[in-house]
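Residue numbers (our numbering): -17 to 429. Here the structure comes first, spelled out in structure tokens, and everything after it is commentary.
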Amino acid sequence: MFQRILVANRGEIALRVIRACRELGIETVAVCSEADRGAAYLQLADQVICIGPPRASESYLRIDRVISAAEVGNVQAIHPGYGFLSENADFADVCRSCNIEFIGPSHEAMALVGDKNSARRIAKQAGVPTVPGSEGLIESEAHALQLAREIGFPVLIKASAGGGGRGMRVAVNELALKNGLQQAQAEAEAAFGCADIYLEKYVEHPRHVEVQVIGDQHGNVVHLWERDCTMQRRHQKLIEESPAPTLTPEKRAAVCEAAVRLVKAANYSNAGTVEFIVDQKGNFYFIEVNARIQVEHPVTELVTGIDLIKAQIRVAAGEPLPWKQEDIKHRGVAMECRINAEDPDKNFRPTPGPITGFYAPGGFGVRWDSHVYAGYTVSPHYDSMIGKLLVHQPTREEAIACMLRALSELRIEGVKSTVPIHQKILAHEAFRTSRTDTTFIERTWVS
Ligand code: MV4
-17 MFQRILVANR GEIALRVIRA CRELGIETVA VCSEADRGAA YLQLADQVIC
33 IGPPRASESY LRIDRVISAA EVGNVQAIHP GYGFLSENAD FADVCRSCNI
83 EFIGPSHEAM ALVGDKNSAR RIAKQAGVPT VPGSEGLIES EAHALQLARE
133 IGFPVLIKAS AGGGGRGMRV AVNELALKNG LQQAQAEAEA AFGCADIYLE
183 KYVEHPRHVE VQVIGDQHGN VVHLWERDCT MQRRHQKLIE ESPAPTLTPE
233 KRAAVCEAAV RLVKAANYSN AGTVEFIVDQ KGNFYFIEVN ARIQVEHPVT
283 ELVTGIDLIK AQIRVAAGEP LPWKQEDIKH RGVAMECRIN AEDPDKNFRP
333 TPGPITGFYA PGGFGVRWDS HVYAGYTVSP HYDSMIGKLL VHQPTREEAI
383 ACMLRALSEL RIEGVKSTVP IHQKILAHEA FRTSRTDTTF IERTWVS
């Protein structure tokens, strides 16, 4: 097992990893930018190394500086958290060349699934349902028009290097497709340095279901059931829950098994998430793989009782998975509300600044994962998420009641937060009956 790990991230996920390491008896080296220097969670690390100015591009995203910190800190492994360098295959490769274990998939597996067109090809080979669309990349306008006529409009143009909703464009007819192709290619080239695009039928009013998987370095892979992340706004998730409330037991088993087949086919190890969209009839289609631990991983931890960060560290150290698939039980209902320093009344504008007053909820079935406290200043340089409020209860109805109770206890003074929008969503009939889709927020609250 590792003696020392570098935590190449900040905020709540850095704290989450430091906590897991402490329980495993592993020392931690935290990195921070100049903006994060005073943050209290850094005191829980054994060593702190400042790696640059506030801007992420000059600190948390700098491979050279993170690797230097790892060398200075004399660590055997790096946990990348989510965002920043977590899905950067080059970084994973540099770690390997430096003899530092990257706690995540191999750079080869990461590159395979990180390219959406290649992930789609692997899914098809593994017998995982994909959305009807192009076999591979779009070669020409004529090729795209031909395909669109076959599958029918509307179609979605997707960038192979995109993901998380970036580089997508809907085309409702041939004219829109002709124009969209050029624009999508130019945008993909500018954003990702890769103009590759592919085509899918546009699935309207879908729900978003994702399957948590973990693999070891000996070829074993298990799923840890699914999460429903339909409640999003502009590709930012607001609420996640497990189990997915609209899946039949048959579909649920099928989607989880499909996810395992896919990651096995990609020779993927460590934690990952396989994303699907589910149409109004309950058909599911693979869309992409997230090759990292995700923000919402604690939802799965609550329903399975498995510490995913510890599991990630253990498999990265070469240990075999300690479970067979049938050992992974799912109990009750878990739900997470992401609490952001944003003003829901002002188009979710970020509200950085000092938190002047703070009170965290607690009690039966409540988990609060956060690095903030009274006196903490929310930096304008990073993501506006300040904490994750989770509940675990026997039923969905009880989970909603518990979440509303916990939200009413949560006090954040000095900055506006997304607490009020969560209260509105949880009280909404459509959410309570799970009759929502990924467009619910935008349709229901024009902001
Ligand atoms: C789609 C889709 C409809 N049809 N693909 C958005 C994020 C990226 N992971 C893929 N996304 C979508 N792909 C087809 N063929 C609709 C979305 C989508 C979406 C998916 C999941 C959760 C929220 C979403 C919000 C808007 C669009």
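Ideal placement from N, C-alpha and C gives every residue a C-beta, glycine not left out.
With distance defined between alpha-carbon atoms, name the residue in Pro332, Ala22, Val110 and Ile(-5) nearest to glycine 396.
Pro332
What is the DSSP secondary structure of cysteine 80, counted as helix, strand or coil?
coil
Own chain partners of leucine -3 with C-beta closer than 6 Å, once the 5 adjacent residues on each side are dropped
Tyr23 and His353
Identify whether cysteine 14 lies in helix, strand or coil by the three-state DSSP scheme.
strand
Determine which residues share a DSSP beta bridge with threonine 255 and list them.
Gln194 and Asn272
Could you give the DSSP three-state label for tyrosine 341: helix, strand or coil?
strand
Would you please state the rounded distance, in angstroms, between the beta carbons of glutamate 424 and arginine 215? I believe it to be under 8 Å.
7 Å
What are the partner residues of methionine 367, as DSSP defines its beta bridges?
Asn322
Close Cβ partners of valine 76 (< 8 Å) along its chain, the five nearest in sequence each way excluded
Ile45 and Ile49
DSSP beta-bridge partners for glutamine 375?
Val315
Boundaries (first-last residue) of the alpha helix (DSSP H) holding isoleucine 288:
Taken as a continuous stretch (DSSP letters only), isoleucine 288 belongs to no alpha helix (DSSP H), as it is neither H nor E.
Residue from Val297, Ala141 and Glu208 whose Cα sits closest to the Cα of arginine 313:
Glu208
For cysteine 80, does the count of other Cβ atoms within 10 angstroms reach 16, so buried, or fall short, so exposed?
exposed
Alpha carbon to alpha carbon, how far is glycine 162 from valine 348? Give it in angstroms, no decimals.
46 Å
Whole angstroms is fine: what's the gap from glutamine 25's alpha carbon to arginine 4's?
13 Å
Could you tell me if the beta carbon of glutamine 214 falls within a distance shorter than 8 Å of some heavy atom in the ligand MV4?
yes
Could you check what DSSP says for arginine 37 in three-state terms: helix, strand or coil?
coil
My output table needs one value for serine 224: the three-state DSSP class, helix, strand or coil.
strand
Below 8 Å on the Cβ atoms is my contact criterion, and I expect valine 297 with glutamine 375 to pass it. Report the Cβ-Cβ distance as a whole number of Å.
At roughly 30 Å, the Cβ-Cβ gap does not stay under 8 Å, so valine 297 and glutamine 375 are not in contact.
Between isoleucine 288 and lysine 246, what straight-line distance do the alpha-carbon atoms span, to the nearest angstrom?
21 Å
If you pair each beta-carbon of the segment 271 to 280 with each one of the segment 249 to 256, do three or more pairs fall below 8 Å?
yes
Exposure of glycine 339, with buried meaning 16 or more beta-carbon neighbours within 10 Å
exposed
Can you look up leucine 138 in the DSSP assignment and give me helix, strand or coil?
strand
Reference isoleucine 179; option with closest CA among Glu90, Glu186, Ala170 and Ile291
Ala170
I'd like to know if the segment 360 to 377 and the segment 413 to 424 are in contact, where contact means that at least 3 CB-CB pairs between them fall below 8 Å.
no
Using a threshold of 8 Å, is the CB atom of glycine 118 nearer than that to any non-hydrogen atom of the ligand MV4?
no
Look at the Cβ atom of alanine 17, then the Cβ atom of serine 366, and state whether they are nearer than 9 Å.
no
Helix, strand or coil: how does DSSP classify histidine 410 here?
coil
Residue of Met(-17), Leu6, Gly20 and Ala74 minimising C-alpha distance to alanine -10:
Ala74
The segment 314 to 322 / the segment 378 to 392 touching (three or more Cβ pairs under 8 Å)
yes
Any heavy atom of the ligand MV4 inside 8 Å of the beta-carbon of threonine 10?
no
Which of the three DSSP states, helix, strand or coil, is assigned to isoleucine 85?
coil
Output needed for asparagine 202: all residues of its chain with C-beta closer than 8 Å, excluding positions within five of it in sequence on either side, in chain order.
Pro302 and Leu303
Using a Cβ-Cβ cutoff of less than 8 Å, which residues in the same chain neighbour tyrosine 430 once the five nearest sequence positions on both sides are dropped?
In the structure as shown, the chain begins at -17 and stops at 429. Residue 430 is therefore absent and cannot be evaluated.
What distance in whole Å lies between the Cβ atoms of serine 224 and cysteine 176, which are believed to be in contact at a cut-off of 8 Å?
With a Cβ gap of about 34 Å, cysteine 176 and serine 224 do not count as contacting.
What does a CB cutoff of less than 8 Å around asparagine 99 pick up in its chain, not counting 5 residues either side in sequence?
Gly118, Leu119, Ser142, Asp178 and Tyr180
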